[in-house]
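Going by this note's numbering, the letters in the sequence shown line up with residues 127 to 644, in that order. Ideal Cβ placement from N, Cα and C applies to all residues, glycine included.
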Amino acid sequence: MRLSTLLDMPDLQLRLLVGKEEGAGRAIRWVYTTDLRDPRRYLAGGELVLTGLAWRHAAADSEAFVSALAEAGVTGLAAGYAGTGSDSVPDDLVAACRRHGLPLIEVPEDVSFATITERVLTAITAPGSHETSALLSLHRQLHTGPGDGAGLAGICDLIAGKLDVRCWVLSPTGKVVTGNGPPPPRDQRRRLARRAMVTDQAISTVTLRGGHTFTLLPAARRTPYRAVGWFLAVADDAGAWLEDLRELAAEAASLISLEQGRKDEQGRMRGEFAERLVRLALTEDASHAEVASRLEVVGFAAEEPLAVLSATAAGGAPELLRGVLAELLDPLCDRMAIALLGAEAVALASVDLGHVTDAVAAIQDGVAALEPGLGGVRLAIGVSAAAASGPVLRGAIEEARYARRLAEHRAGTGSVASSDELASHAVLLATVPDELRRSFRKRLLGPLLEYDARHQSDLAQTLAMFLDCSGSWTRCAARMHVHVNTLRYRISRIEQLTGRDLSSFADRVDLYLALKLR
Numbered sequence: 127m128r129l130s131t132l133l134d135m136p137d138l139q140l141r142l143l144v145g146k147e148e149g150a151g152r153a154i155r156w157v158y159t160t161d162l163r164d165p166r167r168y169l170a171g172g173e174l175v176l177t178g179l180a181w182r183h184a185a186a187d188s189e190a191f192v193s194a195l196a197e198a199g200v201t202g203l204a205a206g207y208a209g210t211g212s213d214s215v216p217d218d219l220v221a222a223c224r225r226h227g228l229p230l231i232e233v234p235e236d237v238s239f240a241t242i243t244e245r246v247l248t249a250i251t252a253p254g255s256h257e258t259s260a261l262l263s264l265h266r267q268l269h270t271g272p273g274d275g276a277g278l279a280g281i282c283d284l285i286a287g288k289l290d291v292r293c294w295v296l297s298p299t300g301k302v303v304t305g306n307g308p309p310p311p312r313d314q315r316r317r318l319a320r321r322a323m324v325t326d327q328a329i330s331t332v333t334l335r336g337g338h339t340f341t342l343l344p345a346a347r348r349t350p351y352r353a354v355g356w357f358l359a360v361a362d363d364a365g366a367w368l369e370d371l372r373e374l375a376a377e378a379a380s381l382i383s384l385e386q387g388r389k390d391e392q393g394r395m396r397g398e399f400a401e402r403l404v405r406l407a408l409t410e411d412a413s414h415a416e417v418a419s420r421l422e423v424v425g426f427a428a429e430e431p432l433a434v435l436s437a438t439a440a441g442g443a444p445e446l447l448r449g450v451l452a453e454l455l456d457p458l459c460d461r462m463a464i465a466l467l468g469a470e471a472v473a474l475a476s477v478d479l480g481h482v483t484d485a486v487a488a489i490q491d492g493v494a495a496l497e498p499g500l501g502g503v504r505l506a507i508g509v510s511a512a513a514a515s516g517p518v519l520r521g522a523i524e525e526a527r528y529a530r531r532l533a534e535h536r537a538g539t540g541s542v543a544s545s546d547e548l549a550s551h552a553v554l555l556a557t558v559p560d561e562l563r564r565s566f567r568k569r570l571l572g573p574l575l576e577y578d579a580r581h582q583s584d585l586a587q588t589l590a591m592f593l594d595c596s597g598s599w600t601r602c603a604a605r606m607h608v609h610v611n612t613l614r615y616r617i618s619r620i621e622q623l624t625g626r627d628l629s630s631f632a633d634r635v636d637l638y639l640a641l642k643l644r
């Protein structure tokens, strides 16, 4: 199919803005919808790219987006402006397409990308082909069906029927979204998910311990964060596939994003109601009846036990938090709602009162699994205890926030803290301003840390170990594998450098807190 064929369909009313001389004659190999600022990892060349311009926050963004498409060798760009607040395609996008020689089509507000996609799929695939009919049927089902996952099962059935292999749609933590056979063990799914998050290839093959080979095809997502994207895992080696089979698998995998997008949209809609609930619960004069009413709107009973999570993503977009929290909570609760309040996300989850500790451990495990896909974003999550939601919802939110502040001061890409830790000195340290933290630590440990750096010694580590052993010379020496006299010499040197007496309980407390203030 050529661009001119699509442009000649009168009911679509598409308008070619750039490329009128030679662009209309370009051939379309496939169609791909995205709002990623740089979608190159999902492009193979020859695609008609459809975009709703959600990636555009400034005029300079158009150059970055178009240059990425041009480098990937796409056939053209079709841009819709519905929901952008404008009545036309931005001039900077038109100029960028002219600079790169990329045909640009304007999509009217009343024409959906689903309609354009179906026209292209119908035209570019052989008439009467079983795969064509299956792909079109799946596309319609994923766009208009009830969102119950049946369309995703159809994708797995299509691949399995063509290749005679098992396949699954997996989440970034290795959770099975759907599939057509017994899934691989959990540890294997985790390894596959990790590989899917770190690879830049549209189709990659990995062989796990034991000789099990899988082909991974990430779904196209409208976000740059791989920690929230599903992927297709096929129990076969793509190296043995013919080109038409590779294309079929890639095209089927691209449909996964439609179902995930619908699920994300449902979460966003529920999140809007949750935001109003959270803001109401945090007001001083909110009545129990008002909170109970809002809880029912969101989908919770007034007295239902809920756990609250507070999360931030330093260096990342707040929208990432919704996807991450949904991924972490989905296996743990029947219902959830995630509200975005500026840079913070607050999640409400129906959790059994007796299983909160297990839930926290599962969340910590999930965060560790997602770390490779966070792209340098530092994730901090605080978890409250579960309690009857209506009367104490405000207290649970504040409890989760205190725990989250504690998590923010810990090292690592992802950190989780629970309300059980709020009875520790750590929660007090988490409330200390950064400037005071640095000043206190420098005054007590500055000379010691400078000495270690200058002499390549480890006196700070010796101090930490000594305090961890409650000042026991014998236990500390044994743990460090040194003679007690050697330890006594080192402690004496530490006392000289810090000006503190380690036989004094008060001085021990000061030094212990200074070590914790990182």
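Starting from the Cα of residue i, find the closest Cα among the options and give me that residue.
| i | options | result |
| --- | --- | --- |
| Leu-571 | Leu-585, His-581, Glu-561, Val-558 | Leu-585 |
| Ala-506 | Tyr-528, Phe-239, Pro-298, Ala-366 | Tyr-528 |
| Ile-281 | Gly-336, Ser-380, Ala-196, Pro-165 | Ser-380 |
| Arg-245 | Gly-211, Leu-174, Ala-279, Gly-178 | Leu-174 |
| Arg-353 | Gly-365, Leu-451, Glu-235, Pro-308 | According to the sequence provided, residue 353 is Ala. The question's Arg does not apply to it. Comparing Cα-Cα distances from Ala-353 to each of Gly-365, Leu-451, Glu-235, Pro-308, the minimum goes to Leu-451. |
| Phe-357 | Leu-406, Val-324, Leu-532 | Val-324 |
| Gly-300 | Gly-355, Asp-326, Gly-307, Thr-331 | Gly-355 |
| Arg-105 | Val-192, Ala-471, Leu-593 | Absent from the structure is residue 105, since the part of the chain shown begins at 127 and ends at 644. |
| Ala-485 | Leu-562, Ala-543, Ala-471 | Ala-543 |
| Leu-289 | Gly-365, Asp-161, Thr-210, Glu-232 | Gly-365 |
Taking a contact to mean a Cβ-Cβ separation below 8 Å, would you say residue i touches residue j in this structure?
| i | j | result |
| --- | --- | --- |
| Gly-442 | Asp-390 | no |
| Arg-520 | Leu-408 | yes |
| Glu-534 | Ala-465 | no |
| Ala-153 | Ser-130 | no |
| Asp-363 | Thr-339 | yes |
| Val-434 | Ala-522 | yes |
| Gly-305 | Trp-294 | yes |
| Ile-620 | Thr-588 | yes |
| Thr-624 | Leu-639 | no |
| Val-144 | Val-200 | no |
| Arg-225 | Glu-197 | no |
| Pro-680 | Ala-412 | Absent from the model: residue 680. The displayed extent of the chain is 127 to 644, so no value can be given. |
| Trp-156 | Gly-178 | no |
| Ala-473 | Leu-500 | no |
| Ser-476 | Phe-426 | yes |
| Arg-681 | Ala-437 | Residue coverage of the chain in this structure runs from 127 to 644, which leaves residue 681 outside it and unanswerable. |
| Ala-208 | Leu-176 | no |
Please list the terminal residues of the continuous beta strand (DSSP E) segment that includes residue i.
| i | result |
| --- | --- |
| Gly-508 | 504-509 |
| Cys-293 | 293-296 |
| Trp-158 | Per the sequence presented here, residue 158 reads as Tyr, with Trp not at that position. 156-159 is the span of the beta strand (DSSP E), which, as asked, contains Tyr-158. |
| Thr-177 | 173-177 |
| Val-434 | 431-440 |
So what's residue i in DSSP terms, helix, strand or just coil?
| i | result |
| --- | --- |
| Leu-142 | strand |
| Ser-544 | strand |
| Pro-457 | coil |
| Tyr-615 | helix |
| Met-716 | The structure shown does not extend to residue 716, since the chain is modelled only from 127 through 644, so no value can be given for it. |
| Pro-253 | Residue confidence for Pro-253 is low, a pLDDT of 48 falling below 50, so the modelled location carries little weight and cannot support an answer. |
| Pro-308 | coil |
| Arg-531 | helix |
| Ala-521 | One point to set straight first is that residue 521 is Gly, not Ala, in the sequence displayed. Helix at Gly-521. |
| Glu-417 | Sequence inspection shows Val at residue 417; the Glu mentioned does not correspond to that position. If DSSP states are grouped into helix, strand and coil, Val-417 belongs with the helices. |
| Asp-633 | helix |
| Leu-334 | coil |
What's the C-alpha gap between residue i and residue j?
| i | j | result |
| --- | --- | --- |
| Val-360 | Ala-376 | 11 Å |
| Glu-525 | Leu-432 | 13 Å |
| Pro-253 | Leu-247 | At Pro-253 the pLDDT is 48, less than 50, meaning the model places this residue with poor confidence; the figure from the coordinates comes in the next sentence. When rounded, the distance between both Cα atoms is 10 Å. |
| Pro-344 | Ala-604 | 51 Å |
| Pro-272 | Gln-392 | With a pLDDT of 47 at Pro-272, under the threshold of 50, the predicted position of this residue should be treated as unreliable, and no value is reported. |
| Leu-564 | Ala-590 | Here residue 564 is Arg; the residue named in the question, Leu, does not match the sequence. Those two C-alpha atoms are separated by around 18 Å. |
| Asp-137 | Thr-241 | 11 Å |
| Ser-194 | Ala-319 | The residue asked about is misnamed: residue 194 is Ala in this sequence, not Ser. Rounded to the nearest angstrom, the two C-alpha atoms are 26 Å apart. |
| Ile-329 | Arg-335 | 20 Å |
| Glu-148 | Tyr-351 | 36 Å |
| Ala-440 | Leu-446 | 11 Å |
| Val-503 | Leu-142 | 39 Å |
| Val-215 | Tyr-158 | 19 Å |
| Ala-378 | Thr-331 | 17 Å |
| Asp-283 | Arg-316 | 23 Å |
| Thr-539 | Glu-429 | 36 Å |
Can you tell me where the alpha helix (DSSP H) holding residue i begins and where it ends?
| i | result |
| --- | --- |
| Ala-221 | 217-226 |
| Thr-600 | 599-606 |
| Phe-592 | 585-594 |
| Pro-573 | 560-581 |
I want to see whether chain D comes within less than 8 Å of residue i, judged by CB atoms only; does it?
| i | result |
| --- | --- |
| Leu-455 | Here chain D cannot be found, since the structure has a single protein chain. |
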